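Below: the structure, in structure tokens.
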Amino acid sequence: MNKVVMYTTGYCPYCSRAEMLLTQRGVAEIEKIRIDVDTEQRALMMERTGRRTVPQIYIGDTHVGGFDDLSALDRDGKLLPLLNG
Numbered sequence: 001m002n003k004v005v006m007y008t009t010g011y012c013p014y015c016s017r018a019e020m021l022l023t024q025r026g027v028a029e030i031e032k033i034r035i036d037v038d039t040e041q042r043a044l045m046m047e048r049t050g051r052r053t054v055p056q057i058y059i060g061d062t063h064v065g066g067f068d069d070l071s072a073l074d075r076d077g078k079l080l081p082l083l084n085g
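Here the sequence shown stands for residues 1 to 85, where the numbers follow the UniProt record's numbering.
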């Protein structure tokens, strides 16, 4: 299974929903990068993704985007193939 990395903050309902969806799809471990605690990581996230909001999710080397993007991938049947590599 591909590694999942999620940029997040301490309280983020969309981050929680994304984590729940990923867990339901069999993801056992999500590397969470807290951008509210580490301002350097916030700057890195914005540089990498071009976005300011969380969550920002990477599956392997693929930038998925936020929760809405993740949910759309799941609806289209493309999330599990991406997770499984």
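Built from N, CA and C at the ideal position, the CB exists for glycine as well.
Keep in mind it's a predicted model, so treat the numbers as computed, not measured.
Do residue j and residue i come within 8 Å of each other at the CB atom, strictly closer than that value?
i: L73; j: R25; result: no
i: L21; j: S71; result: yes
Among the candidates the options, whose CA atom is the shortest distance from the CA of residue i?
i: T39; options: L21, T8 and G65; result: T8
i: C15; options: M1, E31 and D76; result: E31
i: V5; options: A18, C12 and P13; result: A18
Closest Cβ-Cβ distance between residue i and chain D: below 8 Å?
i: I57; result: No chain D is part of this structure, which consists of one protein chain only.
List the endpoints of the continuous alpha helix (DSSP H) containing residue i.
i: Y14; result: P13 to Q24
i: N84; result: L79 to N84
If you follow the beta strand (DSSP E) that residue i is part of, which residue opens it and which one closes it?
i: R52; result: From DSSP, R52 is part of no beta strand (DSSP E); its letter is neither H nor E.
For residue i, which residues of its own chain have a beta-carbon under 8 Å away from its beta-carbon, when the five flanking residues on both sides are left out?
i: H63; result: R48, T49, Q56 and I57
Assign residue i to one of three DSSP states: helix, strand, or coil.
i: T39; result: helix
i: M46; result: helix
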